[in-house]
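Trainee: I have a structure I would like to understand better, so I am pasting it below and will then ask my questions one at a time.
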Ligand SMILES: Nc1ncnc2c1ncn2[C@@H]1O[C@H](COP(=O)(O)OP(=O)(O)OP(=O)(O)O)[C@@H](O)[C@H]1O
Ligand SMILES: [Mg+2]
């Protein structure tokens with residue numbers, strides 16, 4: 001796809017750039033943001049992971065990109081640019097063109113996104129009819145090819161199936177077929193495999209990997225799974241309680257995490273050769289939005305916390321090598337953390 005009128009498409013510019021993104025509840029005057037000051041980018045063809053425990057703001061961050069936030073919350077500050085377009089200020093029509101067109105989406109629960117009363121063929125064809133103005137017969141033919149591309153056997157015959165006639169893994173393939181129907185540049189996938197059993201998870205990831213390679217697709221992948229991150233992604237954004245704790249190239253995260261929350265997450269992953277009983281679980285839990293501490297949000301759970309430094313708000317700081325951290329101790333060189341892999 002080429003840039004439309006009034007748009008700038010610059011190969012050197014990141015495909016997606018999120019800067020200072022802050023999301024809050026409009027009624028909660030004086031409340032800190034559910035997501036606050038999150039900054040990252042996704043370059044063309046790159047895969048970036050958003051990780052962190054439940055409630056850290058991963059879904060809100062990814063939903064904000066396409067203007068799909070729940071009604072109760074809003075973007076209070078920041079900017080989101082996709083391929084030369086400012087997504088927070090562009091017209092709704094432009095956002096609708098981008099959503100399902102150059103940006104595809106896949107969510108955790110395929111059944112909550114698929115329409116139970118429409119055949120899967122019509123659902124995929126509808127995306128092409130809407131975005132490309134194709135006639136139903138042409139769009140259905142394309143839908144058959146897309147189903148086959150995502151690994152659904154007897155694709156032509158499956159066009160007439162309803163979602164409930166398919167397994168969870170097949171439904172997720174249908175969602176992916178709809179997401180890539182208009183040749184997107186970016187796929188946003190929010191825990192696309194979490195609801196599936198382990199073998200099917202691996203198959204879906206394999207499919208995403210193939211599509212990434214074949215379509216030169218950039219991916220923003222929300223996941224809980226550090227194995228998936230290591231395997232699939234180039235960069236990682238580690239989120240904690242609405243803040244970006246760390247941003248780093250994937251390999252550096254495992255060698256040398258630069259935030260105590262990242263190193264705690266790494267330590268919590270079971271590893272081959274390590275007895276199951278020694279699995280570390282991070283003590284405590286993510287605070288809920290109204291109860292964020294005033295200083296570092298991770299401070300109450302952090303084994304490296306030092307009162308006079310960590311009880312003050314921490315700045316998101318660039319520390320070289322394209323990395324950022326929101327830990328003042330790491331940023332000042334006062335704290336070095338060990339990874340789980342020797343570099
Ligand atoms: N509609 C809403 N109204 C109020 N608060 C919300 C709403 N949606 C999310 N939140 C709050 O925003 C925070 C971040 O939620 P989000 O869904 O982004 O977390 P997440 O990192 O995706 O978690 P999970 O891993 O469980 O999917 C949570 O504290 C959540 O309770
Ligand atoms: Mg989520």
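In full-length UniProt numbering, the protein residues as written are 1 to 343.
We treat Cβ as the ideally placed atom computed from N, Cα and C, and that holds for glycine.
The structure displayed is predicted, hence computed values, not measured ones.
1) Indicate the three-state DSSP secondary structure (helix, strand or coil) for residue 255 in the structure shown.
2) In angstroms, rounded to a whole number, what distance separates the CA positions of residue 341 and residue 330?
3) Using CA coordinates, which residue listed in 287, 266, 254, 305 is at the minimum distance from residue 242?
4) Considering residue 324, what are the terminal residues of the beta strand (DSSP E) in which it resides?
5) Kindly confirm or deny that the segment 69-76 and the segment 243-263 touch, where touching means at least three C-beta pairs closer than 8 Å.
6) Quick one: Cα of residue 145 to Cα of residue 214, how far?
7) Would you say the beta carbon of residue 58 comes nearer than 7 Å to a heavy atom of ligand 2?
8) Grab the span of the alpha helix (DSSP H) containing residue 198 for me, first residue to last.
9) Run the CB neighbour count on residue 368, radius 10 Å, all protein chains shown included, and call it buried at 16 or more, exposed below.
10) Note the first and the last residue of the continuous alpha helix (DSSP H) segment covering residue 308.
11) Residue 328: buried (16+ other C-beta within 10 angstroms of its C-beta) or exposed?
12) Can you confirm whether the segment 202-209 touches the segment 27-42 when touching is taken to mean that 3 or more C-beta pairs between the two stretches lie within less than 8 Å?
13) Apply the 10 Å Cβ neighbour rule to residue 92 and answer buried if 16 or more other Cβ atoms are within range, or exposed otherwise.
14) Is the closest heavy atom of ligand 2 to the C-beta of residue 190 under 7 Å?
15) If you follow the beta strand (DSSP E) that residue 231 is part of, which residue opens it and which one closes it?
16) Does any residue of chain E have a CB that is nearer than 8 Å to the CB of residue 76?
17) CB residue 174 to CB residue 192, shorter than 8 Å?
18) Look at residue 66 and residue 95 and say whether their C-beta atoms are less than 8 Å apart.
19) As a quick exercise: from 332, 16, 222, pick the residue whose alpha carbon is nearest that of residue 318.
Mentor: Straight from the coordinates:
1) helix
2) 19 Å
3) 287
4) 323-325
5) no
6) 15 Å
7) yes
8) 198-215
9) Any answer about residue 368 is impossible in this case: the structure gives the chain only from 1 up to 343.
10) 307-310
11) buried
12) no
13) exposed
14) yes
15) Per DSSP, residue 231 belongs to no beta strand (DSSP E); it is in the alpha helix (DSSP H), 226-232.
16) The structure shown has no chain E; it contains just one protein chain.
17) no
18) yes
19) 332
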